[in-house]
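**Q** Take this structure first; my questions come after.
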């Protein structure tokens with residue numbers, strides 16, 4: 001199975017949201033089938049075959065997640081991040097500001113779903129191959 005260290009090595013190549021599809025392909029090859037990232041400190045739970053799970057450590061000091069989500073502003077921030085205009089930490093700050101608590105990525109369906117604090121699906125998007 002894969003290790004958090006292998007995933008972190010792949011993640012080091014990500015400079016902006018524009019690099020996300022390549023990252024997804026690389027960790028998929030490692031055996032990751034899904035992962036869930038929590039915006040407050042960017043710890044991530046990774047899932048593999050046969051109920052395999054592992055988790056990364058927090059990546060930064062905790063952010064405060066807004067109680068109310070703002071889908072319109074979040075969508076704007078996501079687009080500029082995907083265009084390479086922001087780095088990962090800035091994107092996480094924007095997520096917190098707009099009430100995004102976590103995102104869940106399924107590598108089987110190639111979907112990334114963003115959720116607010118009450119578990120409401122705020123946005124679902126297809127990950128480009």
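Numbering (my numbering), first residue to last: 1 to 129. A virtual CB, placed ideally from N, CA and C, is assigned to each residue, including glycine. Since this is a predicted model, take the numbers as computed values, not measurements.
#1: Below 8 Å CB to CB, which residues in the same chain sit around residue 120 once its five sequence neighbours on both sides are set aside?
#2: Can you check the segment 90-115 for any beta strand (DSSP E) of at least 3 residues that lies completely inside it and give the ranges in chain order?
#3: Considering only residues of the same chain and omitting the five flanking positions on each side of residue 11, which have a CB-CB separation below 7 Å?
#4: Helix, strand or coil for residue 60 per DSSP?
#5: Just to confirm my understanding: we take residue 84, look at its own chain, exclude 5 residues before and 5 after, and list those with CB closer than 6 Å. What are they?
#6: Below 8 Å, how does it come out for the segment 48-55 and the segment 89-102: are there three or more Cβ pairs, yes or no?
#7: Going straight from the alpha carbon of residue 88 to that of residue 60, what length do you get?
#8: Can residue 2 and residue 30 be called in contact, C-beta distance under 8 Å?
#9: Can you list, in chain order, the residues of its chain with a C-beta nearer than 8 Å to that of residue 28? Leave out the 5 residues immediately preceding and following it.
**A** In terms of the structure at hand:
#1: 69
#2: 102-106 and 111-115
#3: 23
#4: coil
#5: 16 and 18
#6: no
#7: 11 Å
#8: yes
#9: 107
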